[in-house]
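Read top to bottom, the protein sequences are chains A and B.
If you want my numbering, it's the position in the first sequence, counting the first as 1, plus 59.
If you want my numbering, it's the position in the second sequence, counting the first as 1, plus 3.
C-beta: ideal position from N, C-alpha, C; glycine also.
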Amino acid sequence: MANNFARILSSKRNVGIMSLVGAGSLTAAFLLNREHVTAGAQVRRVYPASAEYPDLRKHNNCMASHLTPAIYAKLVDKATPNGYTLDQAIQTGVDNPGHPFIKTVGMVAGDEESYEVFADLLDPVIKERHNGYDPQIMTHPTDLDSSKLKSGKFDERFVLSSRVRTGRSIRGLSLPPACTRAERREVEKVVVDALAGLKGDLAGTYYSLTHMTDQEQQQLIDDHFLFDKPVSPLLTCSGMARDWPDARGIWHNNTKTFLIWINEEDHTRVISMEKGGNMKRVFDRFCTGLKEVERLIQEKGWEFMWNERLGYILTCPSNLGTGLRAGVHVNLPKLSKDPRFTKILDNLRLQKRGTGGVDTAAVGSTFDISNLDRLGQSEVQLVQTVVDGVNYLIDCEKKLEKGQDIKIPPPVRK
Amino acid sequence: MAKLTIKRLSPEEEFPDLSQHNNHMAKVLTQDMYTKLRDRATPNGFTIDGVIQTGIDNPGHPFIMTVGCVAGDEETYEVFKELLDPIIEDRHGGYKPTDKHKTDLNPDNLKGGDDLDPNYVISSRVRTGRSIRGFCLPPHCSRGERRGVEKMSVEALDSLSGDLKGKYYALKNMTDAEQQQLIDDHFLFDKPVSPLLLASGMARDWPDGRGIWHNDTKTFLVWVNEEDHLRVISMQKGGNMKEVFNRFCTGLTKIETLFKDKGTSFMWNEHLGYVLTCPSNLGTGLRAGVHVKIPNMSKHDKFEEVLKRLRLQKRGTGGVDTAAVGGTFDISNADRLGFSEVELVQMVVDGVKLLVEMEKKLEKGQSIDDLMPAQK
Numbered sequence: 060m061a062n063n064f065a066r067i068l069s070s071k072r073n074v075g076i077m078s079l080v081g082a083g084s085l086t087a088a089f090l091l092n093r094e095h096v097t098a099g100a101q102v103r104r105v106y107p108a109s110a111e112y113p114d115l116r117k118h119n120n121c122m123a124s125h126l127t128p129a130i131y132a133k134l135v136d137k138a139t140p141n142g143y144t145l146d147q148a149i150q151t152g153v154d155n156p157g158h159p160f161i162k163t164v165g166m167v168a169g170d171e172e173s174y175e176v177f178a179d180l181l182d183p184v185i186k187e188r189h190n191g192y193d194p195q196i197m198t199h200p201t202d203l204d205s206s207k208l209k210s211g212k213f214d215e216r217f218v219l220s221s222r223v224r225t226g227r228s229i230r231g232l233s234l235p236p237a238c239t240r241a242e243r244r245e246v247e248k249v250v251v252d253a254l255a256g257l258k259g260d261l262a263g264t265y266y267s268l269t270h271m272t273d274q275e276q277q278q279l280i281d282d283h284f285l286f287d288k289p290v291s292p293l294l295t296c297s298g299m300a301r302d303w304p305d306a307r308g309i310w311h312n313n314t315k316t317f318l319i320w321i322n323e324e325d326h327t328r329v330i331s332m333e334k335g336g337n338m339k340r341v342f343d344r345f346c347t348g349l350k351e352v353e354r355l356i357q358e359k360g361w362e363f364m365w366n367e368r369l370g371y372i373l374t375c376p377s378n379l380g381t382g383l384r385a386g387v388h389v390n391l392p393k394l395s396k397d398p399r400f401t402k403i404l405d406n407l408r409l410q411k412r413g414t415g416g417v418d419t420a421a422v423g424s425t426f427d428i429s430n431l432d433r434l435g436q437s438e439v440q441l442v443q444t445v446v447d448g449v450n451y452l453i454d455c456e457k458k459l460e461k462g463q464d465i466k467i468p469p470p471v472r473k
Numbered sequence: 004m005a006k007l008t009i010k011r012l013s014p015e016e017e018f019p020d021l022s023q024h025n026n027h028m029a030k031v032l033t034q035d036m037y038t039k040l041r042d043r044a045t046p047n048g049f050t051i052d053g054v055i056q057t058g059i060d061n062p063g064h065p066f067i068m069t070v071g072c073v074a075g076d077e078e079t080y081e082v083f084k085e086l087l088d089p090i091i092e093d094r095h096g097g098y099k100p101t102d103k104h105k106t107d108l109n110p111d112n113l114k115g116g117d118d119l120d121p122n123y124v125i126s127s128r129v130r131t132g133r134s135i136r137g138f139c140l141p142p143h144c145s146r147g148e149r150r151g152v153e154k155m156s157v158e159a160l161d162s163l164s165g166d167l168k169g170k171y172y173a174l175k176n177m178t179d180a181e182q183q184q185l186i187d188d189h190f191l192f193d194k195p196v197s198p199l200l201l202a203s204g205m206a207r208d209w210p211d212g213r214g215i216w217h218n219d220t221k222t223f224l225v226w227v228n229e230e231d232h233l234r235v236i237s238m239q240k241g242g243n244m245k246e247v248f249n250r251f252c253t254g255l256t257k258i259e260t261l262f263k264d265k266g267t268s269f270m271w272n273e274h275l276g277y278v279l280t281c282p283s284n285l286g287t288g289l290r291a292g293v294h295v296k297i298p299n300m301s302k303h304d305k306f307e308e309v310l311k312r313l314r315l316q317k318r319g320t321g322g323v324d325t326a327a328v329g330g331t332f333d334i335s336n337a338d339r340l341g342f343s344e345v346e347l348v349q350m351v352v353d354g355v356k357l358l359v360e361m362e363k364k365l366e367k368g369q370s371i372d373d374l375m376p377a378q379k
């Protein structure tokens, strides 16, 4: 069995075949190699599930809302083929009770199979987090044809910058909470090899966090590209910061408009961004770049984790589907002070953040405005939502400038 | 020892990058050793990666040598002995894999110690740790095990009587008033923030299964499920280390008897003494110390040399990793393993007596050259 995996990693041609045959055989192959691990993992069940069940009385996150003692008892003795367990998946939610106003997800996936093996817990969590999307009966649309985007150029008197980001995971390798050092290094190698094949305005350079010079580091900070070791306990408790900064790095193209983070919270985070309001061009580059990277890894026998039920598979259940956040930094001095601002955003299916990103406050009246949804809508649909929504916000701002009244728009969709 | 086939990638691909590291684990771990140890697991499923994770995530400090590894259970010290023996030898002054450790908790064997000058010695304290055999240690225990440790410990402590009689305060059920009192008493421990500890996994599920027990007179205190199963502390104001040590030994012996009555015992063996989470706390796990006012002595250029010869260590009054405030230092034994409890407390008692004598001389403008001790 060890030979199967040596084949997967070096000659790569067989991966496609194995994944087509279906999750069942892939699981069997893993299990044969790993039966000792499973046996080892079960040696420790000295206590019944009821003695192990976490105390979630002070908790307010999606995991705590759905993890009943019955579900816990059902899932606690299971492990994915990689040996990832329920206790590991929920550790971050146990350690971080949450906030009375912000409901965090409270669990992560350690590998692609987590979403199957722990479906009894993950499906209701996904349903709650993704506005009723039911993974048991629905399918997720993927659409990266950016030519379908209508009128994606914003008034630059208001929109300062435009950005689209997503994540991608490499099938066959465990996710950041569970990956070993060698798997993480393999992710780095596979992605960096692929990125080296990008040409034209996508051609760029990789900067490994371990080998970066001080100068390179400073430049990346000045460009607002550098990510640092996570400090948020939501992330560190999941185990994704182990072995930092081994196999972590940043790739960007020469024109600094296409950027990839390697081995931060996901295998890869892919970002297209520019100053100004040309969301259409940002999205064009995003789609072209993503498709090129996919083509390049497929040449070597790899592929992204994806399925019809959940779309693109990422570490955090909140990023399933498209994993896409399309946003702008937009200046809305009058609208942001209007008491209807929040309601308008809600109805447009938009979310506001400070310009430092998630968990930051707005500076002055400049906000980061982006799509709320990730799963159940395609990439094109979500970016269109942002385009239409931001245009509406700008329209409101202009009206308020002229002393005219504004309307709360009807909800864009349920 | 359970044999595990863990991962499908090669040991060369898995070997950590320790080029920036300065801790005991990084000094000792080679590719060959890793390759060999990688195929093993303790009967509880603890692996080499679990042992060394904290040392990989915390490269260390150029001046302070941290240990860089932890035990997940008692068997860790056997199953991974190729790694742990050299670390123990380096950390504990040349202690060999064949050496035997002496345990002596008879307080009558301590000479003196009841007359440290209270004008200089503000407080006296002895602490150690204990692990309950049969349970995994904090880096690896499950919630059920941790709760089992808590339950068993609280049952034992509840049956203490006389001046040891006391009460347990579970961290998760504590009222605000109780919490404030425990802070004021300098008893309360909080969720660890040090990445050295967090990276080992010992803070999982906080504050589940954690708590503090203390006797009514607030002189005997037990921490449950912090860095170790139990940390046992005897302390009081003033310089009567003998009384502190008496209570320490009596309390520990009583608790041990109570556990034996329940059919278990503390993790102990004749080579490593008491087994604890961090290899640095093996043997006695004992730190006996005082807060002592030595403003003149501490500025003397021979201060470090004197401490070294006396086998003592200085810390700030906030404990490990803090600075001294106004010439008041925490002075304690540097050793843990290879000396008995009585021997270590004797070193502290004798050493502190000497430091106070030196301080008095320096106050009077006299020299301390004729008081310089020999290397213990």
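query: In the structure shown, what three-state DSSP assignment does A:Ser189 receive?
result: The question names Ser, yet the displayed sequence has His at residue 189 of chain A. Of the three classes helix, strand and coil, the one that applies to A:His189 here is coil, per DSSP.
field: According to DSSP, residues forming a beta bridge with B:Thr380
entry: Only positions 4 to 379 of chain B appear in this structure, which leaves residue 380 of chain B out of reach.
- prompt: Where do the N-terminal and C-terminal ends of the beta strand (DSSP E) with B:Asn218 fall, by residue?
  reply: Gly214 to Asn218
query: Under 8 Å between the Cβ atoms of B:Thr380 and B:Ala44?
result: Because chain B spans 4 through 379 in this model, residue 380 of chain B falls outside it and cannot be assessed.
task: Can you tell me which of the three DSSP states B:Arg133 falls into?
output: strand
- prompt: Between B:Gly132 and B:Leu279, which are expected to be in contact by the criterion C-beta below 8 Å, what is the C-beta distance as a whole number of angstroms?
  reply: 5 Å
query: So, does the CB of B:Arg146 fall closer than 8 Å to a CB anywhere in chain A?
result: yes
- prompt: Near B:Asp208, which residues of its chain fall below 8 Å by C-beta distance, leaving aside the five closest residues on each side in sequence?
  reply: Arg146 and Arg149
task: Using the Cα positions of A:Pro470 and B:Asp20, report the straight-line distance between them to the nearest angstrom.
output: 53 Å
- request: State the DSSP-derived secondary structure class of B:Ala291, mapped to helix, strand or coil.
  value: strand
- prompt: For A:Phe213, does the three-state DSSP call read helix, strand or coil?
  reply: coil
message: Applying the 10 Å Cβ sphere with the 16-neighbour rule, what's the burial state of B:Gln349?
response: Around the beta carbon of B:Gln349, 16 or more other beta carbons lie within 10 angstroms, which makes this residue buried.
message: Relative to the C-alpha of B:Thr33, which candidate in B:Asp373, B:Ile90 and B:Ala74 has its C-alpha closest?
response: B:Ile90
task: Hey, could you find the ends of the alpha helix (DSSP H) B:Met300 is sitting in?
output: Pro298 to Lys302
- prompt: Between B:Pro394 and chain A, is there a C-beta pair that is closer than 8 Å?
  reply: Past the boundaries of the shown model lies residue 394 of chain B; chain B is included only from 4 to 379, so the question cannot be answered.
query: What residues in its chain sit with their C-beta under 7 Å from that of B:Met36, if we drop five residues either side in the sequence?
result: Taking C-beta separations shorter than 7 Å and ignoring five residues to either side along the sequence, the partners of B:Met36 in its chain run Glu85 and Leu86, following chain order.
- request: Go through its chain and collect everything with a Cβ distance to A:Asp260's Cβ below 7 Å, but skip five positions before and after it.
  value: Around A:Asp260: Asn312 and Thr314.
- prompt: Taking just the CA atoms, how far does B:Asp188 sit from B:Glu181?
  reply: 11 Å
task: Determine the contact status of B:Ile334 and B:Lys317, defining contact as a CB-CB distance below 8 Å.
output: Yes.
- prompt: What separation, rounded to the nearest whole angstrom, lies between the Cα atoms of A:Asn92 and B:Asp338?
  reply: Interpretation of A:Asn92 is limited by its pLDDT of 30, a score under 50 that renders its predicted location unreliable; no figure is taken from the coordinates.
- request: Please name the residues in the stretch 150-162 of chain A whose beta-carbon is closer than 9 Å to at least one beta-carbon of chain B, in chain order.
  value: Gln150, Val153 and Asp154
task: Please report the Cβ distance between A:His189 and A:Arg354, rounded to the nearest whole angstrom; I am assuming they are in contact, meaning their Cβ atoms lie under 8 Å.
output: About 29 Å; that fails the 8 Å criterion.
query: In its own chain, which residues sit with a C-beta less than 7 Å from the C-beta of B:Gly214, not counting the 5 before and 5 after it?
result: Glu153, Tyr171, Tyr172, Ala173, Leu174 and Val227
message: Quick check: A:Gly157 and A:His125, are their CB atoms within less than 8 Å of each other?
response: no
query: So, is the C-beta of A:Pro113 closer than 8 Å to a C-beta in chain B?
result: yes
query: Which value, in whole angstroms, describes the spacing of the CA atoms of A:Val341 and A:Ser206?
result: 12 Å
- request: Starting from the C-beta of B:Glu16, find all residues in its chain whose C-beta is less than 8 Å away, skip the five residues before and the five after it, and write them out in chain order.
  value: none
message: Run through the DSSP bridge pairs and tell me what B:Arg128 is partnered with.
response: B:Met238 and B:Gly292
- prompt: Going by alpha carbons, who is nearest to A:Lys402 out of A:Val135, A:Ile467, A:Thr316 and A:Val167?
  reply: A:Ile467
- request: Could you work out which residue in B:Asp179, B:Ile186, B:Gly75 and B:Pro198 is closest to B:Leu140 when comparing CA atoms only?
  value: B:Gly75
- prompt: Between A:Val167 and B:His64, what straight-line distance do the alpha-carbon atoms span, to the nearest angstrom?
  reply: 33 Å
Strand pairing of B:Glu148, partner residues [DSSP]: None, per the DSSP bridge assignment.
- prompt: In chain B, what lies closer than 8 Å to A:Tyr106 by C-beta?
  reply: Within chain B, the residues placing a beta-carbon under 8 Å from that of A:Tyr106 are Ser145, Gly147, Glu148 and Gly151, ordered along the chain.
query: Is DSSP giving A:Lys461 helix, strand or coil here?
result: coil
message: Using a Cβ-Cβ cutoff of less than 7 Å, which residues in the same chain neighbour A:Asp405 once the five nearest sequence positions on both sides are dropped?
response: none
task: Tell me, please, whether the CB atom of B:Gln316 is closer than 8 Å to any CB atom in chain A?
output: no
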